[in-house]
Structures are given as structure tokens and as C-alpha cells.
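Quick mapping for you: the protein sequence lines, in order, are chains C and F. The first sequence stops at residue 324 when you use the numbering used here, and every number in between is there. The second sequence stops at residue 339 when you use the numbering used here, and every number in between is there. Backbone N, C-alpha and C fix where the C-beta goes; we use that ideal spot for every residue, glycine too. See structure below.
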Amino acid sequence: MAVDRREASLPVAAPVQTAEPAAGAAMRQSSLWQDAWRRYIRNKGAVAAALLFIIICLYCLLIPGFWKIPGIWTSLKDYDPNAVDFSQSYAGFSLDHPFSTDKFGRDLFARVAAGGQISIAIGFAATFMILVIGVVYGSIAGFIGGKLDNGMMRFLDALYGLPYLPFAIITTQILSPNGAVSVWSMVVALTIASWFTSARIVRGQIITLKENDYVRAAKAVGARWYRILARHLLPNTMGVLVIAIFLELPGVVLGEAFLSFIGLGINPPTASWGSIAQDGREAYRLHPEVLFIPSLAIATLVLCANFIADGLRDALDPRTRETG
Amino acid sequence: MALLEVNDLKTHFFTREGVVQAVDGISFSLEKGKTLGIVGESGCGKSVTALSIMGLIPKPPAKIVGGEVLFDGRDLTKLGEREMQTVRGNQVAMIFQDPMTSLNPTLRIGTQITETIRTHTEMSKQDARKRAIELLEEVGIPRSAERLDDYPHRFSGGMRQRVMIAIALSCSPRLLIADEPTTALDVTIQAQILDLLDELRQEHDMAMILITHDMGVVAEVCDDVAIMYAGQIVEQASGFELFEKPEHPYTEALLGALPQLEGDEREIRQSRLTAIPGRPPDLVNPPEACRFAARCPYASYEDSCTEVEPQLREIRAGHWVRTAHPTSERSGEREPVNA
């Protein structure tokens with residue numbers, strides 16, 4: 001069938017086809033994202049980091065769920081992350097408690113998973129909000145340009161001058177008047193303290209893309225401004241944004257861990273990696289695992305995110321690629 | 001009445017160095033179904049003229065400071081952005097110099113064509129797709145139904161220019177502005193694209209403005225030719241007349257600068273390409289005198305044209321020229337001063 005159709009269309013094309021025979025040949029279809037995927041897969045470090053990242057996320061998502069399911073994982077039935085049992089205080093490593101327990105006898109295998117849920121959820125939520133604000137702010141400034149752009153960027157410069165952590169701390173305190181810091185106030189605080197970079201990235205991209213010939217060509221056939229922005233500019237920033245997600249994530253996760261560690265983040269007894277590490281600080285000479293395990297989880301997640309960002313950058317931006 | 005009438009158009013760029021008078025008082029008119037060639041060297045204001053007609057000049061720094069662009073009796077320079085968008089693509093379309101960068105790399109070409117169609121018509125997605133297939137066939141892209149779902153990077157330069165032409169034609173504009181459509185293509189493709197443009201122009205009864213710096217291109221397709229120099233039109237005539245009897249020293253020099261490939265082979269091998277000495281004047285402070293005087297082989301210090309700017313005058317019916325030394329008034333009278 002395919003051959004028939006090809007022959008039928010050839011006479012039409014014949015007068016103009018002479019110089020470009022390759023255009024008639026069937027080629028394997030590959031979109032930009034498929035190409036990027038192929039390049040990413042070739043980067044062993046990034047693939048390993050992505051797998052580890054997924055394993056950590058699955059562990060955090062699944063483990064705290066299992067203790068609730070009766071009949072399954074009967075040996076895990078005690079893995080309520082907040083269940084206190086002083087007889088099990090600092091129980092040490094065992095099959096019942098693979099990551100040992102803390103001072104209150106709470107199982108760390110469940111607690112690190114539950115804390116990871118909070119940390120990762122805050123990380124992704126804040127990163128998402130950072131990107132949304134960054135895209136809106138950056139594309140307004142970049143697209144409209146001129147004096148507005150200048151004003152918006154100077155405002156950003158002023159905000160850049162504010163120190164990150166005190167800014168985040170003050171925001172969490174303002175958002176939680178009775179001292180109970182909620183997950184959402186953490187997300188908002190971390191977003192407000194760190195959305196500047198993504199706004200700058202988007203603005204820079206939009207300004208570069210705006211000068212592209214295809215934008216001018218789109219204008220020349222009557223495209224409205226919103227179509228130019230939505231169709232021609234923003235999709236072309238996607239590559240950079242995907243990378244930005246994994247560049248912002250470590251910063252936000254670290255920020256959350258730090259706030260919880262110094263006791264200004266998520267309130268006990270709710271676990272987060274930072275607050276578990278804080279619990280472990282009290283007796284770290286005798287029981288280093290309580291401090292060590294959540295710290296290792298934070299470090300691994302941050303490192304993985306950086307490796308993934310690196311792999312994505314190589315995959316999505318062929319210009320910075322060193323090897324084919 | 002002519003389809004397009006440009007009267008004393010002035011587009012200036014307000015930069016830190018001063019006001020660049022990129023287009024300084026240009027007038028021409030174009031009848032329905034005719035082709036006008038605008039020729040000149042880089043920076044003479046050809047593209048700015050085209051962008052001014054389309055209302056696509058970068059504001060700021062550029063601004064249309066005077067004149068009018070009458071399209072079908074409507075002054076395009078007075079239209080608001082919203083009204084202009086209904087003109088662009090629908091009534092007047094434009095194709096650009098570099099097809100490699102004029103298509104969005106992240107969108108399938110089918111999307112890029114159908115979106116243009118659906119911007120200006122009420123067509124359904126399916127109908128727009130059918131129309132896109134027809135258009136691709138019309139511009140000579142084989143297996144057009146399949147290629148509709150390809151991304152631009154799978155097309156060669158010539159093919160992409162064909163796609164650009166298809167997009168420009170999608171709403172059957174009455175005027176097509178082609179800004180150096182073949183400059184970025186290799187020579188064998190150039191001729192194909194020019195033939196295609198001319199063919200489509202006849203079929204669709206469009207008027208066309210062809211901007212180029214290639215005299216050969218002009219000779220092939222244009223009914224009328226305007227030669228631009230330093231933001232002004234220095235000579236304008238029908239294509240035949242201009243090539244047979246060029247009047248302006250600049251036009252002569254441009255024609256003289258074409259490589260000669262006919263005649264005695266040994267002579268061709270030994271002859272050198274002729275160039276025009278000097279550079280075009282600075283458009284921030286253009287000279288009061290004739291703008292070509294400094295490079296003109298016929299201008300001498302006694303001449304009025306080194307002090308006063310010559311006006312555009314009709315030397316023969318339909319043949320306008322802006323010089324004090326047109327060829328027909330010069331022959332035998334005086335030798336070139338500094339040639």
C-alpha cells in the first residue's frame with residue numbers, strides 16, 4: 001500500500017524534486033524528546049542517579065503505607081513512624097528495625113520514609129511553585145521588555161540581596177502565627193526565598209527566543225501575541241525548565257532540612273529528614289545512625305538531583321554536549 | 001488604483017549614536033499581479049522598507065516618521081496592532097531570508113501551517129489539515145500528507161523555504177513580500193524557488209515585492225525594478241528598460257559588477273570582477289549632496305550634485321532616476337573623473 005501511494009505522488013513532485021532526492025526517502029521518525037531520551041540513556045551516571053532517585057521516592061511513598069495494611073508485611077506492623085515505645089529506645093539494627101530506633105523507640109525505617117515524604121513533597125511543591133512564578137514573572141518581563149523589564153529585573157536584583165535563610169525563616173514565622181509550622185507555610189517560604197533564579201532564566205530565554213526568525217515569521221503571518229508566547233516561546237524554554245526543576249530541587253530540600261534541623265521547620269512529632277537528624281544530634285556519639293541515616297538520605301537525594309540535572313542538560317541542549 | 005502605494009515613506013531608527021535614516025522618503029506603487037524588485041547593497045534599507053509595510057519594524061528603536069503605505073486604499077501605518085494582525089498573513093504575507101531559522105523547531109510543520117490558516121479563517125482542524133496538504137503539494141513537497149507530521153529539522157534548506165512559501169500562501173494573500181528568499185540557498189535551489197514563486201504568483205494573481213541584491217534574480221522575474229541606495233530609491237523603471245538602458249551610475253556599476261561569463265574564454269579568465277570603490281554614506285548624518293557622489297565616477301567638485309541633492313526625475317516615460325549624470329545625458333560629453 002505504501003509503495004502505491006508513493007508512486008502516485010511522485011509525478012506531482014517530479015518537476016521540483018530533482019535536487020533533493022533524500023526528501024523522498026522514508027526516514028525513521030524521531031522527535032526532539034526521543035533524541036533527548038536516547039542521549040540521556042547513554043549517560044551512565046545520570047541513569048544510575050535517576051534509578052536511585054526513583055528508589056528513594058518509592059521507599060518514601062510505599063513504606064509508610066504498608067504498616068497500615070493488615071495481613072501484609074506482618075513483621076512491619078509496628079512501623080508507625082510516630083508510635084512511641086520506650087522499651088525499644090535505641091534498639092539498634094535488627095530485622096524488626098532495619099534502621100534502628102530513636103530515643104522514643106520510634107522505628108527509623110518508617111520514620112525516614114515518612115520524613116522523606118514530607119521533604120520530597122515540600123521539595124517538589126516548592127520547585128513547582130518556583131517554576132510557575134518564574135515562568136510568569138520572567139515571561140512578562142522578557143516578552144514586554146523595555147522599561148517594564150528593566151523595573152522588574154531591578155526589583156529582582158534587590159531581592160537577590162536578601163540572605164536566603166533568614167528570609168525563609170521570617171516568612172515561615174509570619175505564616176505560622178501560633179508557632180505551628182505547616183507544610184504549606186514551608187513551601188511558601190522556600191518559594192518566596194528562591195524563585196529569583198528561575199525568573200531570570202526564563203526571562204533570558206524569552207529574550208533570546210524573541211529575536212528568532214520564526215517569531216518574526218509568525219508575526220508576519222498574523223499570529224497574536226498570546227500565540228507567539230504560548231506556541232513559539234514557552235515550549236522552547238521547556239528544556240531549560242526541566243533542567244531547572246532538578247537544579248532547584250536540591251536547594252529547596254536542603255533549605256527545608258536546615259529549617260527543620262534548627263527547629264524552625266516542621267513541628268515534632270511529624271518527621272522530616274531535618275527533624276530526624278535534629279533528634280539524632282542529642283546522642284550522636286553513642287547512636288550515630290539516628291543522625292547519619294537521614295543525613296545520608298538528604299545527601300543522596302541532592303546528589304542524584306544534581307546528576308540528573310547534568311544528564312538532562314547534556315541531553316536537551318546539544319550545544320553544550322562534549323561527546324556525541 | 002494600485003494595490004499598494006507607498007508615498008514618501010520614512011523609517012528612522014532612534015539610536016544612541018543618533019537618528020539613523022534607514023528609509024528616507026521612498027515612493028513606489030505596485031499593481032495587482034505585478035512583481036516589483038527592490039535591489040541594493042546591504043544596509044540600504046530594503047528590508048526595513050519591507051518590514052515597514054508589514055508593520056513589523058522593531059519599535060523602539062525604529063519608528064515610521066512620515067509617509068503612508070496605502071494598501072487597497074487603507075493606510076497600513078495608521079492601523080492598530082489588532083487590525084494589522086488581520087492584514088498580516090491574510091492580505092499581505094512575507095517570507096524571510098533564512099529558512100533554516102524561520103520555522104519553529106519544536107512544532108511539526110503541519111501545526112505551523114494549520115495554525116496560520118486557523119488564525120485567519122473559521123476552518124475546522126480537519127479542513128485546515130487538508131488545505132495544508134494541498135499547499136505542500138502545490139509548493140512541490142513530495143509525500144506531503146506524511147511530511148506534514150515532520151519536524152522542521154527533517155527538511156533541507158530548499159524544502160524549508162518551500163514550507164515557508166506554503167505558510168505565506170495559506171490564506172491567499174494579495175501581496176507577497178519576499179525578503180531575499182534565495183540568499184541562504186545554494187544556487188541550484190535558488191532557481192527552483194524563484195520559478196516556484198513566479199508560478200504561484202501567476203496562479204494566485206498575487207502582487208509580489210522581491211527584495212534582493214542579486215541583479216540576476218531581478219532580471220528573471222520582475223516587471224518593475226527599484227534600485228535603492230542609502231535609504232532612497234535612486235532609479236526605478238521596468239525590468240527590461242533598466243537592464244537595457246540603465247541611467248544611474250550606481251545601477252551601471254551594479255550591472256558592471258556582475259561576473260561576466262560570456263565571450264572569449266581567455267579574456268574571462270584574466271578579467272577581474274569589478275567592484276564599486278568606497279562605502280555607502282553614514283545614515284546618521286547623510287550628506288546634503290547626492291548620496292552617491294563620493295563613489296560616483298562622474299561627479300566632480302564643480303558639479304552641483306556634490307552640494308545639492310538631485311531630485312528623482314522622469315527621464316523617460318516610466319523611468320525615474322535620481323542623479324545629475326544620467327547615462328543618456330552624459331555620453332560623449334565627459335569622461336569619468338576618477339575611474
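| Asked | Found |
| --- | --- |
| Pick from F:Thr77, F:Gly73, F:Phe71, F:Trp320: whose alpha carbon is nearest that of Lys63 of chain F? | F:Thr77 |
| Give me the subset of the segment 77-95 of chain F whose CB atoms are less than 7 Å from a CB atom of chain C, sorted by chain position. | Gln85, Thr86, Arg88, Gly89, Asn90, Ala93, Met94 |
| Return no unless some Cβ of chain C is closer than 9 Å to the Cβ of His204 of chain F. | no |
| So what does DSSP say about Gly37 of chain F, is it helix, strand or coil? | strand |
| State the DSSP-derived secondary structure class of Trp37 of chain C, mapped to helix, strand or coil. | helix |
| To which residues of the same chain is His232 of chain C closer than 6 Å at the C-beta, ignoring the five residues directly before and after it? | Val215, Ala218 |
| Rounded to whole angstroms, what's the CA-CA distance from Glu146 of chain F to Met159 of chain F? Just pull it up for me. | 14 Å |
| List the residues of chain C whose Cβ lies closer than 9 Å to the Cβ of Ile64 of chain F, in chain order. | Near Ile64 of chain F there are no residues of chain C at all, since even the closest Cβ is about 16 Å away, more than 9 Å. |
| Whose C-beta lies closer than 6 Å to the C-beta of Ala257 of chain C among residues of the same chain, with five residues either side of it excluded? | Trp273, Gly274, Ile298 |
| At a Cβ cut of 9 Å, what residues of the segment 136-169 of chain F count as close to chain C, listed as they run along the chain? | Glu137, Val139, Gly140, Ile141, Pro142, Arg143, Ser144, Ala145, Glu146, Arg147, Asp149, Asp150, Tyr151, Pro152, His153, Arg154, Phe155, Ser156, Gly158, Met159, Arg162, Met164, Ile167, Ala168 |
| List, from N- to C-terminal side, the alpha helix (DSSP H) runs of 4 residues or more that fit wholly inside the segment 269-336 of chain F. | 327-330 |
| Exposed or buried, Lys46 of chain F, counting other C-beta atoms within 10 Å across all chains shown (16 or more means buried)? | buried |
| Considering only C-alpha positions, which residue in the set F:Val308, F:Asp214, F:Pro326 is nearest to Val39 of chain F? | F:Asp214 |
| Does the Cβ-Cβ distance between Thr300 of chain C and Leu108 of chain C come in under 9 Å? | no |
| Tell me, to the nearest whole angstrom, how far the beta carbon of Gly351 of chain F is from that of Asp205 of chain F; I am working on the premise that it is less than 8 Å. | There is no way to answer for residue 351 of chain F, as the model of chain F reaches only from 1 to 339. |
| Output, in chain order, the set of chain C residues within a Cβ distance shorter than 7 Å of Asp98 of chain F. | Asp213 |
| If you draw a straight line from the alpha carbon of Thr74 of chain C to that of Thr114 of chain F, how long is it in whole angstroms? | A caution first: Thr74 of chain C carries a pLDDT of 45, below 50, which makes its placement in the model too unreliable to give a value. |
| Does Lys219 of chain C have its Cβ less than 9 Å from a Cβ in chain F? | yes |
| Spell out whether any CB of chain C is found under 9 Å from the CB atom of Leu417 of chain F. | In the structure displayed, chain F extends from 1 to 339; residue 417 of chain F sits before or after that span and is not available. |
| Just how far apart, CA to CA, sit His319 of chain F and Gly145 of chain C? | 45 Å |
| Is the separation between the beta-carbon of Thr323 of chain F and that of Cys290 of chain F shorter than 9 Å? | yes |
| DSSP puts Ile233 of chain F in a beta bridge; with which residues? | F:Met228 |
| Quick one: what does DSSP say Lys10 of chain F is sitting in, helix, strand or coil? | strand |
| Just to check my reading of the structure: Gln112 of chain F and Arg224 of chain C have Cβ atoms closer than 8 Å, yes? What is that Cβ distance to the nearest angstrom? | With a Cβ gap of about 15 Å, Gln112 of chain F and Arg224 of chain C do not count as contacting. |
| Within 10 angstroms of its Cβ, does Leu286 of chain C collect 16 or more other Cβ (buried), or is it exposed? | exposed |
| Determine, using beta carbons only, whether Met246 of chain F and Gln21 of chain F come nearer to each other than 9 Å. | Checking the displayed sequence, the identity of residue 246 of chain F turns out to be Pro instead of Met. Against a cut-off of 9 Å, the Cβ pair of Gln21 of chain F and Pro246 of chain F comes out as no contact. |
| Given this structure, state the Cα-to-Cα distance separating Asp310 of chain C from Ala230 of chain C, to the nearest angstrom. | 27 Å |
| What residue does the beta strand (DSSP E) around Leu30 of chain F start on, and which one ends it? | 18-30 |
| On a CA-only basis, which of F:Glu31, F:Met100, F:Thr101, F:Ile57 is nearest Glu70 of chain F? Give me that one, please. | The identity of residue 70 of chain F in the sequence shown is Leu, whereas the question assumes Glu. Of F:Glu31, F:Met100, F:Thr101, F:Ile57, the residue nearest in Cα terms is F:Glu31. |
| Show which residues of chain F have a CB atom less than 7 Å away from the CB atom of His232 of chain C. | Asn104 |
| Does the beta carbon of Gly222 of chain C sit closer than 9 Å to a beta carbon anywhere in chain F? | yes |
| Gly157 of chain F and Pro99 of chain F look like a contact to me (Cβ under 8 Å); what is the Cβ gap, rounded to whole Å? | 6 Å |
| Start and end of the beta strand (DSSP E) containing Ala217 of chain C? | Not the beta strand (DSSP E): Ala217 of chain C falls in the alpha helix (DSSP H), residues 213-220. |
| What's the call for Leu263 of chain C, buried or exposed, on a 16-neighbour Cβ count within 10 Å? | Here residue 263 of chain C turns out to be Gly, not Leu, going by the sequence shown. Classification of Gly263 of chain C: exposed, given that the 10 Å Cβ count is below 16. |
| List the endpoints of the continuous alpha helix (DSSP H) containing Val65 of chain F. | Looking at the DSSP string, Val65 of chain F is not in any alpha helix (DSSP H); the run it does join, the beta strand (DSSP E), is 62-71. |
| Closer than 8 Å by C-beta to Ser89 of chain C: which residues in its own chain qualify, once you throw out the five before and the five after it? Chain order, please. | Thr101, Asp102, Lys103, Phe104, Gly105 |
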